[in-house]
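Please read the structure below before turning to the comments.
Number of protein chains: 2
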Amino acid sequence: MSDTIADRFDRIRVPSAYEMVAEAIEAEIVSGRLRPGDEIGTEAALVRQFGVNRSTVREGIRVLEQGGLVRRGAGRKLYGCEPRYDALSSRISRALVLQDVTFRELFDAALILEVGAVEGAVAHADAEVIAALEANQSRIEQAIGNPVLLSEIDTEFHALVAHASRNRVLELAREPAALLFFPSSEMICRRVPEGGPRMVEAHRRIIDAIKARDLELARLWMRRHLVDWRKDFMRAGREIDAPVERIFARYALSRSAL
Amino acid sequence: MSDTIADRFDRIRVPSAYEMVAEAIEAEIVSGRLRPGDEIGTEAALVRQFGVNRSTVREGIRVLEQGGLVRRGAGRKLYGCEPRYDALSSRISRALVLQDVTFRELFDAALILEVGAVEGAVAHADAEVIAALEANQSRIEQAIGNPVLLSEIDTEFHALVAHASRNRVLELAREPAALLFFPSSEMICRRVPEGGPRMVEAHRRIIDAIKARDLELARLWMRRHLVDWRKDFMRAGREIDAPVERIFARYALSRSAL
DNA sequence: ACCAATTTGTCCGTATGTATG
DNA sequence: TCATACATACGGACAAATTGG
Chain A
-9 MSDTIADRFD RIRVPSAYEM VAEAIEAEIV SGRLRPGDEI GTEAALVRQF
41 GVNRSTVREG IRVLEQGGLV RRGAGRKLYG CEPRYDALSS RISRALVLQD
91 VTFRELFDAA LILEVGAVEG AVAHADAEVI AALEANQSRI EQAIGNPVLL
141 SEIDTEFHAL VAHASRNRVL ELAREPAALL FFPSSEMICR RVPEGGPRMV
191 EAHRRIIDAI KARDLELARL WMRRHLVDWR KDFMRAGREI DAPVERIFAR
241 YALSRSAL
Chain B
-9 MSDTIADRFD RIRVPSAYEM VAEAIEAEIV SGRLRPGDEI GTEAALVRQF
41 GVNRSTVREG IRVLEQGGLV RRGAGRKLYG CEPRYDALSS RISRALVLQD
91 VTFRELFDAA LILEVGAVEG AVAHADAEVI AALEANQSRI EQAIGNPVLL
141 SEIDTEFHAL VAHASRNRVL ELAREPAALL FFPSSEMICR RVPEGGPRMV
191 EAHRRIIDAI KARDLELARL WMRRHLVDWR KDFMRAGREI DAPVERIFAR
241 YALSRSAL
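The listed protein sequences correspond, in order, to chains A and B. Just so you know, we're using our numbering here: the first sequence kicks off at -9 and counts up by one. Just so you know, we're using our numbering here: the second sequence kicks off at -9 and counts up by one.
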């Protein structure tokens, strides 16, 4: 073995046919020439255009579908689509689970992300989102005592707050963590009776702070809301430094897959 | 037309064979029975086990490859792997571009995420990461006057700070935004001469604050670092409410694809 | 409401290039 | 060097689902 001379060239990556099909279609979408909602055409048409086998076209389409750039609409027709976040988010959540992230990591990140989201909400919430928040609030007030419903509405509440920030970057950044984090409130409400009412109260305060454009108050209550979660989490006998269990995550992810 | 009665049942989704192949393999990985690095077996072997055609197996494998759950190693053998973030992150970045997110959204989110990251770094940075930060710093001090290098090292700096937080959730959450945000410092250093030295100075202060475990100081300098970026961005004549251009993003994404 | 054409999902067999021993 | 195993890609085929008259 031979040359101690540093390699001048990187290994050449020869792209396979299906990758080139995927990239060609992706390029059309990214460049804007193919708009969300536009039909892409039948597999046979793509076979003609690219001059490759249909199996090859299909592999390329799978890649794009998975990446969220293309979807199968009615009649399984191929459409371009604006990338759906949820598919990507749940993939990331799954990745986090596989990395054995701990509840503490989840909590610390959620604290930063949710407080950031509510700051944005105070600054940018419009009447429409506030109405949605109020609707969410009246639903959650009816749901006290029903842990499953409670945690569902709680998850939606935080998504709405993020949406109110009118910051899609932040909205997306928080989603993978939220997908793993908030479903755990079901477990908490089951084990800690005061958990439910406390959560509803906190939501109320947060909504009011957003409406009053009171930044400090909003921050305060969001922070308190999450810190309460952590307290109840430990009160429920869970270890905060334990990894997010795969079984729990499977539950969370399968719900979101719909 | 007809029944005004609300539908009782959802549309039945009949899973196709390739989806079931993908899900079966995914289930093995998520459950932990198939560990990262384990061989999955040849396509022929999967054909035998699942009793489906090779084309079908291949479509299923593409889905998993794209999701980052399996990879092709040496000899194109199939291995399970712990999901690589970077593939997912660049997909999300692309999604953000397609949604025409603005630089302002990017900036607001980065402010929250990077300040959060440095807070974590102050709390959890160990000697190893600090050494890496120092190494990064000596490289960037040599790179003043070279915008391309400067922005590369800057990007790495922020990734290191996030890594120092020992919070993988946060580390992952910030990455899509960072992928779009920090490459723009190249443009800034090109247009605003003072930008480079100011950046290097800020990095120095941030590293020192992390070493001193001074939370307030770290927050202050990270915030200042980013606010300076925004000032320079506008000084360079760019409109902060303009969408991240697709051309610029293409540049950023193609660099990261390696 | 039926029929014909189209399209997808799946399967079979085969050829070629490449990696491993 | 050669042989084997394997991934990639191709052509052709058929049933079921969907579309459009």
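Glycine included, C-beta positions come from ideal geometry on N, C-alpha and C.
From what residue to what residue does the alpha helix (DSSP H) around residue i run?
| i | result |
| --- | --- |
| R180 of chain B | 174 to 181 |
| A115 of chain A | No alpha helix (DSSP H) contains A115 of chain A, which DSSP labels as neither H nor E. |
| G135 of chain A | Segment: none, G135 of chain A is in no alpha helix (DSSP H) and carries neither H nor E. |
| Q39 of chain A | 33 to 40 |
| G227 of chain B | Premise fails: G227 of chain B is in no alpha helix (DSSP H) and is neither H nor E. |
| Q56 of chain B | 44 to 57 |
| G186 of chain B | 185 to 201 |
| R84 of chain B | 75 to 88 |
| S21 of chain B | 7 to 21 |
Taking just the CA atoms, how far does residue j sit from residue i?
| i | j | result |
| --- | --- | --- |
| I230 of chain A | R38 of chain A | 56 Å |
| N126 of chain B | D144 of chain B | 9 Å |
| R269 of chain B | A7 of chain B | Shown here, chain B extends from -9 to 248; a query on residue 269 of chain B therefore has no answer. |
| Q56 of chain A | R164 of chain B | 22 Å |
| S246 of chain A | L170 of chain B | Because the pLDDT of S246 of chain A is 42, which lies under 50, any placement of that residue in the model is unreliable, and the question is left without a value. |
| P137 of chain B | E29 of chain A | 42 Å |
| P187 of chain A | I134 of chain A | 7 Å |
| D116 of chain A | A154 of chain A | 7 Å |
| V87 of chain B | Y69 of chain B | 32 Å |
| F40 of chain B | F97 of chain B | 49 Å |
| R180 of chain B | R94 of chain B | 21 Å |
| R203 of chain A | R66 of chain A | 46 Å |
| V234 of chain B | V91 of chain B | 6 Å |
| E206 of chain B | V4 of chain B | 55 Å |
| A17 of chain B | V11 of chain B | 10 Å |
| G58 of chain A | A77 of chain A | 7 Å |
| Y43 of chain B | A168 of chain A | It is Asn, not Tyr, that sits at residue 43 of chain B in the sequence shown. Computed Cα separation, rounded: 39 Å. |
| M189 of chain B | H215 of chain B | 7 Å |
| D218 of chain B | I51 of chain A | 43 Å |
| I15 of chain A | A192 of chain A | 47 Å |
| T32 of chain B | I19 of chain B | 17 Å |
| A149 of chain B | S128 of chain A | 42 Å |
| R220 of chain A | V182 of chain A | 12 Å |
| H114 of chain A | Q89 of chain B | 19 Å |
| G63 of chain A | F147 of chain A | 29 Å |
| E9 of chain B | V47 of chain B | 9 Å |
| F223 of chain B | S80 of chain B | 23 Å |
By the criterion of Cβ-Cβ separation under 7 Å, what are the contact partners of residue i in chain A?
| i | result |
| --- | --- |
| A99 of chain B | N157, V159, L160, A163 |
| I102 of chain B | I102, G106, L160 |
| A167 of chain B | V159, A163 |
Just to confirm the assignment, what range does the beta strand (DSSP E) spanning residue i have?
| i | result |
| --- | --- |
| L162 of chain B | Not the beta strand (DSSP E): L162 of chain B falls in the alpha helix (DSSP H), residues 158 to 171. |
| L322 of chain A | With chain A covering only -9 through 248, there is no way to say anything about residue 322 of chain A. |
| V60 of chain A | 60 to 62 |
Determine the chain B residues that contact residue i at a beta-carbon separation under 7 Å, and present them in chain order.
| i | result |
| --- | --- |
| S45 of chain A | S45 |
| G63 of chain A | Ordered by position in chain B, no residue passes the 7 Å Cβ test against G63 of chain A, which lies about 13 Å from the chain. |
| R48 of chain A | E49 |
Report, in whole angstroms, the separation of the C-beta atoms of residue i and residue j, which I expect to be a contact under 8 Å.
| i | j | result |
| --- | --- | --- |
| V60 of chain A | C71 of chain A | 7 Å |
| I102 of chain A | L160 of chain B | 7 Å |
| Y75 of chain B | A85 of chain A | 7 Å |
| E49 of chain B | E49 of chain A | 6 Å |
| A121 of chain A | I200 of chain A | Rounded, the Cβ-Cβ distance is 12 Å, inconsistent with contact. |
| S83 of chain A | P166 of chain A | 5 Å |
| R294 of chain B | W211 of chain B | Since the displayed chain B opens at -9 and closes at 248, residue 294 of chain B lies outside it and no answer follows. |
| A297 of chain B | A152 of chain B | Residue 297 of chain B is absent from the model: chain B starts at -9 and stops at 248. |
| S175 of chain A | L123 of chain A | Going by Cβ atoms, the distance from S175 of chain A to L123 of chain A rounds to 17 Å, so no, they are not a contact pair. |
Any heavy atom of the ligand FMN closer than 7 Å to the beta-carbon of residue i?
| i | result |
| --- | --- |
| L170 of chain B | Although the ligand FMN was asked about, the structure shown includes no ligands whatsoever. |
Can you list the residues of chain B that residue i reaches, using a CB-CB cut of under 9 Å?
| i | result |
| --- | --- |
| V53 of chain A | R52, V53, E55, Q56 |
| E72 of chain A | A85, L88, Q89 |
Point to revise | Where the stretch 106 to 125 of chain A meets chain B: residues whose CB sits under 7 Å from a CB there | key: For chain B, the residues of the stretch 106 to 125 of chain A that bring a beta carbon within less than 7 Å of one of its beta carbons are G106, G110, in chain order.
Check your understanding: Quick one, which residues of the stretch 75 to 98 of chain A are near chain B if we go by CB-CB under 8 Å, in chain order?
Key -> Hits within the stretch, in order: Y75, L78, R81, I82, R84, A85, L86, V87, L88, Q89, V91, E95, L96, D98.
Review point. Which residues, taken in chain order from the stretch 189 to 221 of chain B, show a beta carbon closer than 7 Å to some beta carbon of chain A?
Key: Listed in sequence order: no entries.
Practice item. Could you please tell me which residues of the stretch 174 to 190 of chain A, in chain order, have their CB closer than 8 Å to any CB of chain B? Key: Listed in sequence order: no entries.
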